[in-house]
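Chains as they are written, first to last, in our numbering: chain A, 7 to 117; chain B, 7 to 117.
Here a beta-carbon is modelled for each residue, glycine too, at the ideal position from N, C-alpha and C.
This report refers to the structure that appears directly beneath it.
Next up, the structure:
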């Protein structure tokens with residue numbers, strides 16, 4: 007159940023284009039909240055909320071540096087989420103395979 | 007922007023253990039809303055809400071069969087989401103590589 011909650015929190019955190027954009031930005035290097043807010047054209051307060059959501063999901067870490075808060079990519083790996091997506095892909099593929107077989111066996115059958 | 011919204015909707019839909027469970031169940035075959043609700047111990051009304059969220063994300067399709075509504079796995083493939091997760095994985099790996107290089111170059115350096 008704990009793992010379920012972790013996946014829930016991760017997927018909720020990622021279900022926002024600004025938050026995904028923040029992670030992409032941090033992939034190129036650490037940045038302060040002010041530096042993160044500017045390109046997205048949102049307020050510092052708004053960015054702080056996004057940062058907190060990402061931090062709670064382990065996708066981002068923050069560090070106090072002087073008067074600023076420096077954000078970096080967090081330790082959370084998406085392996086469990088990727089595994090789930092892969093299982094979903096297999097389920098869809100099998101469904102299509104079964105549909106294909108069904109079409110094959112009914113081919114030539116008089117209507 | 008359209009694609010962003012689609013990813014957002016998909017991730018939000020998946021950020022719930024019941025909804026992920028419904029998709030896993032449908033991977034084994036179609037089911038009515040009543041059949042879906044029973045194992046999760048939730049009301050029909052509750053399950054209908056989950057089904058609507060999944061349907062809006064293209065992860066599930068429904069079909070009226072007599073008095074029941076039959077649910078099946080929808081056509082939505084998670085390729086774009088998987089691509090994003092893969093990019094995130096590479097970013098994390100590169101960050102760890104840089105950290106490793108940094109540790110290597112500072113090794114043996116007098117403090």
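Cutoff 8 Å: residue i Cβ touching any chain A Cβ
i: residue 86/B; result: no
i: residue 23/B; result: yes
i: residue 26/B; result: yes
i: residue 42/B; result: no
i: residue 53/B; result: no
Distance, residue j Cα to residue i Cα
i: residue 52/B; j: residue 13/A; result: 21 Å
i: residue 111/B; j: residue 99/B; result: 18 Å
i: residue 26/A; j: residue 20/A; result: 6 Å
i: residue 95/A; j: residue 10/B; result: 20 Å
i: residue 63/A; j: residue 106/A; result: 41 Å
i: residue 45/A; j: residue 24/B; result: 37 Å
i: residue 101/B; j: residue 91/A; result: 24 Å
i: residue 7/B; j: residue 60/A; result: Per-residue confidence for residue 7/B stands at a pLDDT of 46, beneath the threshold of 50, marking its modelled position as unreliable; the derived number appears in the next sentence. Each residue's Cα considered, the two are about 21 Å apart.
i: residue 109/B; j: residue 29/A; result: 24 Å
i: residue 82/A; j: residue 67/A; result: 10 Å
i: residue 31/B; j: residue 47/B; result: 14 Å
i: residue 79/A; j: residue 71/A; result: 16 Å
i: residue 104/B; j: residue 113/B; result: 14 Å
i: residue 65/B; j: residue 73/A; result: 46 Å
i: residue 88/A; j: residue 85/B; result: 11 Å
i: residue 41/B; j: residue 50/B; result: 10 Å
i: residue 97/B; j: residue 34/B; result: 35 Å
i: residue 75/B; j: residue 18/B; result: 23 Å
i: residue 15/A; j: residue 15/B; result: 15 Å
i: residue 93/B; j: residue 57/B; result: 30 Å
i: residue 22/A; j: residue 69/A; result: 23 Å
Neighbour flag for residue i against chain B, beta carbons, 8 Å
i: residue 74/A; result: no
i: residue 103/A; result: no
i: residue 79/A; result: yes
i: residue 20/A; result: yes
i: residue 14/A; result: yes
i: residue 110/A; result: no
Amino acids of chain A, ordered along the chain, whose beta-carbon sits closer than 7 Å to that of residue i
i: residue 94/B; result: 29 and 84
Integer Cβ distance of residue i from residue j, believed to fall under 8 Å
i: residue 54/A; j: residue 39/A; result: 6 Å
i: residue 37/B; j: residue 77/B; result: 6 Å
Partner residues on chain B for residue i, Cβ-Cβ distance less than 7 Å
i: residue 33/A; result: 97
Within chain B, the residues that residue i reaches when beta carbons sit closer than 8 Å
i: residue 17/A; result: 17, 18, 20 and 21
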